[in-house]
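Visitor: After the structure tokens below, expect a handful of questions from me.
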Amino acid sequence: EPLEISVRPSGATDDVTCPATVTIPAGGVSTIFRVVPVDNEKVDGRRKVTLALAADGFESANFDLTVEDDEVPSLTVTLDKTSVREGDGAITATVTRQLVTDEPLTVYLSDVSTSRCDYPASVVIAAGEASATFSIVPVNNDVAQVSAELGIRASAVGYTAARASFTVEDDDIPGVTLKLMPEEVAE
Numbered sequence: 011e012p013l014e015i016s017v018r019p020s021g022a023t024d025d026v027t028c029p030a031t032v033t034i035p036a037g038g039v040s041t042i043f044r045v046v047p048v049d050n051e052k053v054d055g056r057r058k059v060t061l062a063l064a065a066d067g068f069e070s071a072n073f074d075l076t077v078e079d080d081e082v083p084s085l086t087v088t089l090d091k092t093s094v095r096e097g098d099g100a101i102t103a104t105v106t107r108q109l110v111t112d113e114p115l116t117v118y119l120s121d122v123s124t125s126r127c128d129y130p131a132s133v134v135i136a137a138g139e140a141s142a143t144f145s146i147v148p149v150n151n152d153v154a155q156v157s158a159e160l161g162i163r164a165s166a167v168g169y170t171a172a173r174a175s176f177t178v179e180d181d182d183i184p185g186v187t188l189k190l191m192p193e194e195v196a197e
């Protein structure tokens, strides 16, 4: 006699489709059925689904599946200001991850000219947190320079990188010195 088995997903139930029942044919010992992941087009990371199988007269069984996300999460970088003058403080930058997980995330920072600004090589977004902040401090020197359009790039393994632009204005006014040689001239 055929054996009807109920199949119930639990956990991330919207992430898979499967038949509500499967049948082992009379005289058979197994059957094959498809469990298909649903592409929800959302960044939601790795999810666990448990399939509960039950049939009259038999002990129920559970099988755990992991659904891997095919969308790549991204980073964003926001700045509290887009222009700063040497000697007038720092830019506070915030790097945010789209997918918050229970793991810390190391974000690597680059692109800014280190002769014009100081900033950390990396920041860590703590486990369970969406963002971390850091400072971009213009180097205050005595060298006259033109204003510079700079950028900060944030990258991390498994995330799409992000970039934000800002301007560093110089506070040194170039001087002009005039010296006549010789100091006296004839008509």
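Residue numbers (the numbering used here): 11 to 197.
Just so you know, even glycine gets a beta-carbon here, dropped at the ideal spot from N, CA and C.
What are the start and end residues of each continuous beta strand (DSSP E) run of 3 or more residues lying completely inside the segment 73-135, in chain order?
Guide: Listed in chain order, the complete beta strand (DSSP E) runs (minimum 3 residues) inside the segment 73-135 are 85-89, 93-95, 101-107, 115-120, 132-135.
Visitor: Quick check on this structure: which residue in T170, F176, A172 has the alpha carbon closest to the alpha carbon of P148?
Guide: Residue 148 sits at position 138 when you count from the first residue of the sequence shown. Per the Cα distances, F176.
Visitor: Would you mind working out which of I101, Y169, L109 sits nearest L160, comparing C-alpha positions?
Guide: Along the sequence shown, one-based indexing puts residue 160 at 150. Checked all of I101, Y169, L109; the closest Cα to L160 is I101.
Visitor: If you draw a straight line from the C-alpha of T27 to the C-alpha of F68, how long is it?
Guide: Taking the sequence shown and counting its residues from 1, one reaches residue 27 at position 17. Taking the sequence shown and counting its residues from 1, one reaches residue 68 at position 58. Cα to Cα, T27 sits roughly 24 Å from F68.
Visitor: When you compare the CB positions of S157 and E179, do they come within less than 7 Å of one another, or not?
Guide: One-based indexing of the sequence shown puts residue 157 at position 147. One-based indexing of the sequence shown puts residue 179 at position 169. Yes. Within cutoff.
Visitor: Is the segment 42-51 touching the segment 102-116 in the sense that three or more CB pairs, one from each, lie closer than 8 Å?
Guide: Not touching, per the Cβ criterion.
Visitor: Go to I34, then tell me how far its beta strand (DSSP E) extends in each direction, as first and last residue.
Guide: Here the question's residue 34 lines up with position 24 in the sequence shown. Counting along the chain, the beta strand (DSSP E) containing I34 begins and ends at 31-34.
Visitor: Among the candidates G97, D66, S132, T88, whose CA atom is the shortest distance from the CA of E14?
Guide: Here residue 14 refers to the residue found at position 4 of the sequence shown. Among G97, D66, S132, T88, the Cα nearest to that of E14 belongs to D66.
Visitor: Under the rule that 16 or more other beta-carbon atoms within 10 Å means buried, what is V117, buried or exposed?
Guide: Taking the sequence shown and counting its residues from 1, the one referred to as residue 117 is at position 107. By the neighbour-count rule (16 or more Cβ atoms within 10 Å), V117 is buried.
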